[in-house]
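Residue numbers (our numbering): 145 to 273. Ideal placement from N, C-alpha and C gives every residue a C-beta, glycine not left out.
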């Protein structure tokens with residue numbers, strides 16, 4: 145499937161999710177690191193379709209649309225939407241069989257680790273010059 149077809153407005157979730165069993169992972173994905181990609185791949189192996197919800201946040205490295213595009217490029221992800229931290233819950237039809245994984249605090253910690261890693265690499269490179 146074309147990556148662009150995987151990204152849908154939150155208002156279209158109900159139609160796209162009908163008739164399937166889903167696992168939704170809501171996260172920042174900022175940036176989409178190897179650890180995040182592996183986490184999504186593992187989640188996608190459970191026999192259910194995988195919905196990635198890219199949570200909007202003001203203090204991010206990449207904007208939500210860029211993050212959604214990166215997440216949609218993963219084979220194991222079936223559907224992606226961008227939403228506010230509370231908006232997406234109302235968009236999921238209550239009659240759907242869906243599992244939900246959300247840990248924004250852990251996402252923020254992964255982003256901080258990534259930033260620290262880059263800063264340390266930059267500092268080491270400057271010292272070598």
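- Contact between the segment 207-214 and the segment 242-256 is absent: fewer than three C-beta pairs spanning the two stretches fall below 8 Å.
- Shown here, residue 246 sits in a strand according to DSSP, grouped into three states.
- Taking residue 195 as reference, the option from 174, 249, 219 and 179 with the minimal CA-CA separation is 219.
- Using a 10 angstroms sphere on the CB of residue 223, the tally of other CB atoms reaches 16 or more, which defines it as buried.
- Judged by DSSP in its simplified three-state form, residue 223 adopts strand.
- Nearest neighbour of residue 156 by Cα position, chosen from 260, 197 and 269, turns out to be 197.
- If you draw a straight line from the Cα of residue 258 to the Cα of residue 225, it is about 24 Å long.
- CA-to-CA, the gap between residue 265 and residue 207 works out to about 24 Å.
- Straight-line spacing of the CA atoms in residue 173 and residue 246 works out to 12 Å.
- In terms of Cβ geometry, residue 221 and residue 188 form a close pair [threshold 8 Å].
- Cα atoms of residue 199 and residue 163: separation of roughly 25 Å, rounded to the nearest angstrom.
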